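Asker: The structure's right below; bear with me while I get my questions together.
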Amino acid sequence: MSKAKPFCIAKRDVWEAYKHVKANQGAAGVDGQSIEDFDRDLSKNLYGIWNRMSSGSYFPPPVRRVDIPKGGAGSTRPLGIPTVSDRIAQMVVKRYLEPILEPVFHMDSYGYRPGKSAHDALAVARRRCWSHDWVLDLDIKSFFDEIDWSLLMKAVRRHSGRFYPSKLQEELRTIDAYIVRWATRQYKRFRGHTLAVWEWLRSLKRRNPGLFAHWVAGSTVG
């Protein structure tokens with residue numbers, strides 16, 4: 527009898543995610559693999575994604591940085607392009623979370639939402655121009671780079687409730703296990719010294735309690 531996977535992810539979920547990614551096309555990531563390259567060994571590649579995600583051993587590869595033009599005096603904005611495999615893995619997670627989080631979004635939020643587009647936003651703006659004669663335009667510089675995680679998690683707690691140690695603690699500890707696994711590969715001094723890596727992680731949390739979202743939420747390592 528085969529051992530059950532710790533995370534219940536259906537193979538069909540990976541297949542549906544792949545179809546979305548293929549339809550969107552997109553450039554190759556840091557590994558240089560295009561959609562066409564991925565398709566040459568499709569079954570093996572999809573199985574690999576499913577196996578790593580469902581076993582808890584999936585680790586996202588780096589993204590390929592591309593600077594794209596941004597409005598204003600020749601300035602650019604960095605864009606991170608994930609690999610094809612990672613885009614599929616992200617789509618699996620997106621398809622799971624989207625039905626849960628979609629009802630929470632504001633009715634006037636149009637970016638990257640199912641069934642909404644920039645054309646919808648323009649149509650609403652056009653209608654409102656008939657009843658309002660002013661516009662307030664705001665932009666937060668480098669928002670995703672500068673976001674205050676403590677405020678973000680405060681909003682999450684307001685919606686979902688404060689974190690209390692429970693069955694969820696086991697899942698959040700898995701995140702710390704990923705960090706330990708990464709540190710073991712990254713730093714030679716940690717190889718073969720698992721307890722030392724966990725102690726390093728505890729020390730890191732004491733110095734930087736806001737480094738990871740699940741630490742901010744109140745989950746502890748160890």
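Going by this note's numbering, the first residue of the sequence shown is number 527, and it counts up by one from there.
For each residue, glycine too, the CB sits at the ideal point set by N, CA and C.
None of these values were measured; they are calculated from a predicted model.
Under a three-way DSSP split, which group does Ile666 fall into?
Answerer: Three-state result, Ile666: coil.
Asker: Does DSSP put Leu737 in a helix, a strand or coil?
Answerer: Correct three-state label for Leu737: coil.
Asker: On the three-pair Cβ rule with 8 Å, is the region 582-598 touching the region 543-558?
Answerer: Contact between the region 582-598 and the region 543-558 is present, because at least three Cβ pairs lie under 8 Å.
Asker: Going by CA-CA distance only, name the one from Tyr544, Trp576, Ala543 and Leu730 that's closest to Cys534.
Answerer: When only C-alpha atoms are compared, the closest one is Trp576.
Asker: Flag this pair as touching only if the region 616-624 and the region 539-546 have three or more C-beta atom pairs under 8 Å; answer yes or no.
Answerer: Short answer: they touch.
Asker: Spatial neighbours of Leu727 within its chain, please: CB distance less than 7 Å, with the 5 preceding and 5 following residues excluded, ordered by chain position.
Answerer: Answer for Leu727: Asp702, Ile705, Val706 and Val747, listed in chain order.
Asker: Helix, strand or coil for Asp593 per DSSP?
Answerer: Note: Asp593 maps to strand in three-state DSSP.
Asker: Using the rule of at least 16 other Cβ atoms within 10 Å of the residue's Cβ for burial, across every protein chain shown, is Ile778 buried or exposed?
Answerer: Because the chain spans 527 through 748 in this model, residue 778 falls outside it and cannot be assessed.
Asker: Return the first residue and the last residue of the beta strand (DSSP E) that Ile607 is part of.
Answerer: Thr602 to Ile607 is the extent of the beta strand (DSSP E) around Ile607.
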